[in-house]
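Working notes, structure below.
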Amino acid sequence: MGKPVIIYKDKLSPEERKKYDHGFIRNSFNQYASDMISLHRSLPDVRDPECKQIDNLKDLPDASIVITFHNEAWSTLLRTVYSVLDRSPTHLLKEIILVDDFSDFDHLKQPLDKCVASLPKVSLIRLKERFGLIQARTAGFDASTGQVAIFLDSHSEATEGWLEPLLDRIARNNSTVVVPDVNIISDDTLEFIIQGCNETEAGGFSWDLIFRWHVIPETERKRRNYNDCHPF
3 MGKPVIIYKD KLSPEERKKY DHGFIRNSFN QYASDMISLH RSLPDVRDPE
53 CKQIDNLKDL PDASIVITFH NEAWSTLLRT VYSVLDRSPT HLLKEIILVD
103 DFSDFDHLKQ PLDKCVASLP KVSLIRLKER FGLIQARTAG FDASTGQVAI
153 FLDSHSEATE GWLEPLLDRI ARNNSTVVVP DVNIISDDTL EFIIQGCNET
203 EAGGFSWDLI FRWHVIPETE RKRRNYNDCH PF
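Per the working numbering, the sequence shown starts with residue 3, numbered consecutively.
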């Protein structure tokens, strides 16, 4: 259920300690711990009880999920894919498009081709040069066939009921660009850390165009009648 993996590095053998350090250096998170976790790991239902009572529209559009990556660890990439496959209603999941932004790790070559070929609704695009996040996402969007495009990072995990509320907001107003409530995965223990709805912050930019997280202002909380299940 998203519990932490506690590793006592000083108790590892020299060979295993080398793997531990190499994984952290290469990925900036604990790949050693990630590789110990099931690719289909269970996660808690993080929704507020009141959110579960909200009735979404019955006739929702389907979605293409675009996941871009460059030299991503195998376990985190596949866990992202499987979380979408395992927790998305079949009729709403049109496809998952993986976009390889010119990776050079061996496990992202033939092994990934073989894995993708065995998965339903999953396809793989390989870019011929490094384009960066936005252009890689654009390539995935251009290839998508769903009514809605959703972009996910390659080291994220979808939880129960993640998709329907996003599609509901777009179905009610197709000019809406929806951002989900994002929880935290520890870079050290891979613990799935749940943040309450009342802890939600909004992403935005400062005047010097630096991305920052902002506390939801009192005026907005008041407009929402202090109901943390309402969008803002």
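Virtual Cβ for every residue (Gly too), placed ideally from N, Cα, C. From a predicted model like this one, the values you see are computed outputs, not experimental measurements.
| Query | Result |
| --- | --- |
| Beta carbon of Glu159, beta carbon of Lys123: below 9 angstroms? | no |
| Quick one, which of Thr202, Pro91, His42 and Thr78 has its alpha-carbon nearest Asp155's? | Thr78 |
| Hey, how far is the Cα of Pro46 from the Cα of Asp210? | 38 angstroms |
| Can you tell me whether Arg43 is helix, strand or coil according to DSSP? | coil |
| Are the stretch 94-108 and the stretch 183-196 in contact at 8 angstroms, needing three or more beta carbon pairs? | no |
| When the Cα atoms are used, what is the spatial distance from Asp12 to Asn32? | 15 angstroms |
| Our contact map puts Leu95 next to Asp64 with C-beta atoms below 8 angstroms; I'd like the distance itself, whole angstroms only. | 7 angstroms |
| Which residue wins for smallest C-alpha separation from Ala141, given the options Leu168, Val68 and Ser208? | Val68 |
| If you draw a straight line from the alpha carbon of Ala1 to that of Pro233, how long is it in whole angstroms? | Summary: the structure shown does not reach residue 1, with the chain confined to residues 3 through 234, and so no result is reported for it. |
| Expressed to the nearest angstrom, what Euclidean distance is found between the alpha-carbon atoms of Ile9 and Ser85? | 24 angstroms |
| Buried or exposed: which applies to Val146, given that a residue is buried once 16 or more other Cβ atoms fall within 10 Å of its Cβ? | Here residue 146 turns out to be Ser, not Val, going by the sequence shown. Buried: at least 16 other Cβ atoms inside 10 Å. |
| Compute the beta-carbon to beta-carbon distance between Val118 and Thr70, rounded to the nearest angstrom, for a pair I have assumed lies under 8 angstroms. | Not quite, the Cβ-Cβ distance comes to about 14 angstroms (not below 8 angstroms), so this is no contact. |
| Which runs of the beta strand (DSSP E) spanning at least 3 residues fall entirely within the stretch 52-131, listed in chain order? | 65-71, 95-102 and 124-128 |
| What's the gap between the Cα of His42 and the Cα of Gln149? | 27 angstroms |
| Can you check DSSP and say which residues form a bridge with Trp215? | Gly205 |
| Drop a sphere of 10 angstroms on the beta-carbon of Arg139, count the other beta-carbons inside from all chains shown, and report buried for 16 or more, exposed for fewer. | buried |
| Applying the criterion that 16 or more other CB atoms from any shown protein chain within 10 Å of the CB defines a buried residue, is Trp164 buried or exposed? | buried |
| As a quick exercise: from Val83, Pro113 and Ser90, pick the residue whose alpha carbon is nearest that of Ile99. | Val83 |
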